[in-house]
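Peer 1: First to last, the sequence lines map onto chains L and E. If you're matching positions, the first sequence starts at 1 in the working numbering and goes up one per residue. If you're matching positions, the second sequence starts at 1 in the working numbering and goes up one per residue.
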Amino acid sequence: MLETELRELFERQASGHQPAAAITSQQVIRQGRSRLRISRATAVAAPMLAAAVVAAVVVATTLSGAEPGSRPPHHRSAASAVAAAPKYFDPLRPYPAFGWLPGTHVISGQTGTTTQILNAGQPDWMLTVHAGGQCSAAGRILRCNGERGQFVLMTQLPDIDGLPAYWTVVGVQKILVFEYARDGWAELTFSDLAEAVRVAGHISFGSSAAPPVSPVQLTGLPGWRLRYESFLPMPDGTLAAGIFGFASGAAVDAPGSGNPANYPVLFVSKAALGGTCSFTAGQSSNGLIAGYSVTITRVPAGGEPAVQELCAADANGLRIDIFVNGNNPAIDVTQVFAHLRLLGPDPAQWTTKPVG
Amino acid sequence: VTSRRDAEFADFMSARMPSLRRLAMLLCQDWHRADDLVQATLVKLYVHWTRAAGADNTDAYVRGMLVREFLSERQAGWARRVRLTDRLPEAADPHADLDVSLDLQRAVAALPPRQRAVLVVRFYCDLNVEQAAQLLGCTPGTVKSQTAKALESLRRALGRDPDASGASELGRRARRQRGRIAGNA
Numbered sequence: 001m002l003e004t005e006l007r008e009l010f011e012r013q014a015s016g017h018q019p020a021a022a023i024t025s026q027q028v029i030r031q032g033r034s035r036l037r038i039s040r041a042t043a044v045a046a047p048m049l050a051a052a053v054v055a056a057v058v059v060a061t062t063l064s065g066a067e068p069g070s071r072p073p074h075h076r077s078a079a080s081a082v083a084a085a086p087k088y089f090d091p092l093r094p095y096p097a098f099g100w101l102p103g104t105h106v107i108s109g110q111t112g113t114t115t116q117i118l119n120a121g122q123p124d125w126m127l128t129v130h131a132g133g134q135c136s137a138a139g140r141i142l143r144c145n146g147e148r149g150q151f152v153l154m155t156q157l158p159d160i161d162g163l164p165a166y167w168t169v170v171g172v173q174k175i176l177v178f179e180y181a182r183d184g185w186a187e188l189t190f191s192d193l194a195e196a197v198r199v200a201g202h203i204s205f206g207s208s209a210a211p212p213v214s215p216v217q218l219t220g221l222p223g224w225r226l227r228y229e230s231f232l233p234m235p236d237g238t239l240a241a242g243i244f245g246f247a248s249g250a251a252v253d254a255p256g257s258g259n260p261a262n263y264p265v266l267f268v269s270k271a272a273l274g275g276t277c278s279f280t281a282g283q284s285s286n287g288l289i290a291g292y293s294v295t296i297t298r299v300p301a302g303g304e305p306a307v308q309e310l311c312a313a314d315a316n317g318l319r320i321d322i323f324v325n326g327n328n329p330a331i332d333v334t335q336v337f338a339h340l341r342l343l344g345p346d347p348a349q350w351t352t353k354p355v356g
Numbered sequence: 001v002t003s004r005r006d007a008e009f010a011d012f013m014s015a016r017m018p019s020l021r022r023l024a025m026l027l028c029q030d031w032h033r034a035d036d037l038v039q040a041t042l043v044k045l046y047v048h049w050t051r052a053a054g055a056d057n058t059d060a061y062v063r064g065m066l067v068r069e070f071l072s073e074r075q076a077g078w079a080r081r082v083r084l085t086d087r088l089p090e091a092a093d094p095h096a097d098l099d100v101s102l103d104l105q106r107a108v109a110a111l112p113p114r115q116r117a118v119l120v121v122r123f124y125c126d127l128n129v130e131q132a133a134q135l136l137g138c139t140p141g142t143v144k145s146q147t148a149k150a151l152e153s154l155r156r157a158l159g160r161d162p163d164a165s166g167a168s169e170l171g172r173r174a175r176r177q178r179g180r181i182a183g184n185a
């Protein structure tokens, strides 16, 4: 029987002589760190990064497990559910909002023009919302632009607000996949299906939520603007942006992109007491820009694209990290830093207008 | 936080490296490419380590990453790139003196990547059709059809498909007949 022969062949090959591995953990970790810098502002690394920034910024939680008395006023209704999903989201405002979650959770998230993400736990309750037209269904396959790519719609569930819903598994992750508006799909990771259906049924969609507040402003760079990549809750329930993508001209919010290559990403958090910047001999240099101490690191292109990195451990009470990954940077990290207006560590001074 | 994360990751990596390399070798049918594949997968795993470590079954999560990385790299033309190496080819498999085994090995190596991946996850990883579909990100129907196509290709390559078997049998009969005629002459 061929199947038996195949099993035997695979077993034999697998148990045969294994040459020494040409892979070391140091190599992998070094490359992984480099990749992490790039993908911090994109979907998958968001939960981990959020957790790190939460420690610095967040002192309270935002949602309680209390059963809602009524749905939020902007919750999709049967009438609004058949409306088409927007082709693009406003990158300066979170589009989805959780209305109910089991237990208490700290919400973080990411905004973008074609995909927006809310995180309320690890690994459960990660909501990814795709703009209209970003997903296409063909039979039992749903293809979406973005990290996961495609889903096999394994089990159909009762409609949620009159639109189809399914659950599926990707790897070991259970995911509720549902249409939140015509031609617009959302994914929600979960452990308990009944809870997931309830959570999905109480998600509101629309840009009526308050925009995140920003601890920095961009000034004096015409044509450039900041767009939120990731935000976190403040004690008063407002959202504070911790990561920004920069964009200019045609590269602004390129569909499907986390952050385009060659464009800066800015990480902001409250400065830690005694915080330092990493310094690599031969690649890093220390300097002063606008009166603040900064460390600039330039990693030349090799197997990976070139990286520019500017770190200010404490600039007016804020820690600033700016990265530009790519061999043809659209702007220098020092220029970006020089055009930032730093609003200090007190959230009361922060602004909803990141572009000055 | 970073050093703890790195230490956890390094521990996981050293413990699982041999099994990941074996799986990669079966997919790639080449140790050098297998190492490239494992390295690419581990770098991605490092980036997604928090999520992977929190998964119910981290091993299954990583195995899925590796198979999907194999398929995506194949689609991106990775397999067509020439890799220069100063290493000698691997030593011959001590069992490879069996012609049948060699033929089967060659036939498996000649399969399209997706068909080979289906066979490996089903007959090496012992996943059922549903589990294989989840891992490969396709429907159970696709797994079944890819498995059937792959097995059919192997049978043909080994001369075991119905038509080929019939031809062989006719050939054997013809040779026997010629022998008898020659013997009578």
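Ideal placement from N, C-alpha and C gives every residue a C-beta, glycine not left out. Since we're looking at a predicted model, the values are computed, not measured.
In chain E, which residues lie less than 7 Å from L/S25 when you measure between Cβ atoms?
Peer 2: Residues of chain E passing the Cβ test: A10, M13, S14.
Peer 1: So with Cβ pairs under 9 Å, would you call E/D30 a contact of chain L?
Peer 2: No, E/D30 does not count as interfacial toward chain L.
Peer 1: Should L/R140 be counted as a contact of the ligand FAD given a C-beta to heavy atom distance under 8 Å?
Peer 2: Because no ligand of any kind appears in the structure shown, any question about the ligand FAD cannot be addressed here.
Peer 1: Per DSSP, what kind of secondary structure is L/G206 in: helix, strand or coil?
Peer 2: Correct three-state label for L/G206: coil.
Peer 1: Run down chain E in chain order and give the residues with a C-beta less than 7 Å from the C-beta of L/E187.
Peer 2: Simply none; closest approach about 14 Å.
Peer 1: Output yes if chain E places a C-beta closer than 9 Å to the C-beta of L/G356; else output no.
Peer 2: L/G356 does not count as touching chain E.
Peer 1: Which same chain residues end up closer than 7 Å to L/Y228 when comparing Cβ atoms and leaving out the 5 residues on each side of it in sequence?
Peer 2: The answer, listed in chain order, is P91, L92, T111, P212, A241, F244.
Peer 1: In chain E, which residues lie with their C-beta within 9 Å of the C-beta of L/R7?
Peer 2: Neighbours of L/R7 on chain E, chain order: F123, Y124, D126.
Peer 1: In chain order, what are the residue ranges of uninterrupted alpha helix (DSSP H) at least 4 long that sit wholly in the stretch 157-232 of chain L?
Peer 2: Fully enclosed alpha helix (DSSP H) runs of 4 or longer: 193-201.
Peer 1: Taking only the alpha-carbon atoms, compute the straight-line gap between L/H339 and L/L226 and give it to the nearest angstrom.
Peer 2: Spanning the two alpha carbons is a distance of roughly 12 Å.
Peer 1: Distance, Cα to Cα, E/S19 vs L/Q217?
Peer 2: E/S19 and L/Q217: Cα-Cα distance of roughly 50 Å.
Peer 1: Helix, strand or coil for L/F244, going by three-state DSSP, please let me know.
Peer 2: Reduced to three states, the DSSP call for L/F244 is strand.
Peer 1: Could you pull the start and end residues of the alpha helix (DSSP H) that E/Y46 belongs to?
Peer 2: 31-47 is the span of the alpha helix (DSSP H), which, as asked, contains E/Y46.
Peer 1: Excluding the 5 residues preceding and the 5 following E/T50 in the sequence, name in chain order all residues of the same chain whose CB lies nearer than 6 Å to its CB.
Peer 2: Same-chain partners within the cutoff: there are none.
Peer 1: Helix, strand or coil: which one does DSSP assign to L/Q31?
Peer 2: DSSP places L/Q31 in helix when its eight states are reduced to three.
Peer 1: Which residues share a DSSP beta bridge with L/D321?
Peer 2: For L/D321, which the question treats as bridged, DSSP gives the partners L/F267, L/C311.
Peer 1: Just grab the DSSP bridge partners of L/H339 for me.
Peer 2: L/H339 is not bridged to any residue.
Peer 1: Suppose contacts are defined by Cβ-Cβ distances below 9 Å. Is E/D35 in contact with L/I23 by that definition?
Peer 2: Yes, Cβ-Cβ distance for E/D35 and L/I23 is below 9 Å.
Peer 1: Could you please give me the residues that DSSP links to L/G109 through a beta bridge?
Peer 2: Partner(s): L/L118, L/F231.
Peer 1: Does any C-beta atom of chain E lie closer than 9 Å to the C-beta of L/I107?
Peer 2: With 9 Å as the cut-off, L/I107 does not count as an interface residue toward chain E.
Peer 1: With 9 Å set as the bound, which would you pick, yes or no: does the beta-carbon of L/R33 sit closer than that to a beta-carbon of chain E?
Peer 2: Judged by the 9 Å Cβ criterion, L/R33 is in contact with chain E.
Peer 1: Hey, quick one: how far does the alpha helix (DSSP H) through E/Q115 stretch, first residue to last?
Peer 2: Looking at the DSSP string, the run of the alpha helix (DSSP H) that includes E/Q115 is 113-123.
Peer 1: Would you call the CB atoms of L/S230 and L/S108 closer than 9 Å?
Peer 2: Against a cut-off of 9 Å, the Cβ pair of L/S108 and L/S230 comes out as a contact.
Peer 1: Buried or exposed for L/R182, please, with buried defined as at least 16 other CB atoms from any protein chain shown within 10 angstroms of its CB.
Peer 2: So L/R182 ends up on the exposed side.
Peer 1: Beta-carbon of E/V47 versus every beta-carbon of chain L: anything under 9 Å?
Peer 2: Yes, E/V47 counts as interfacial toward chain L.
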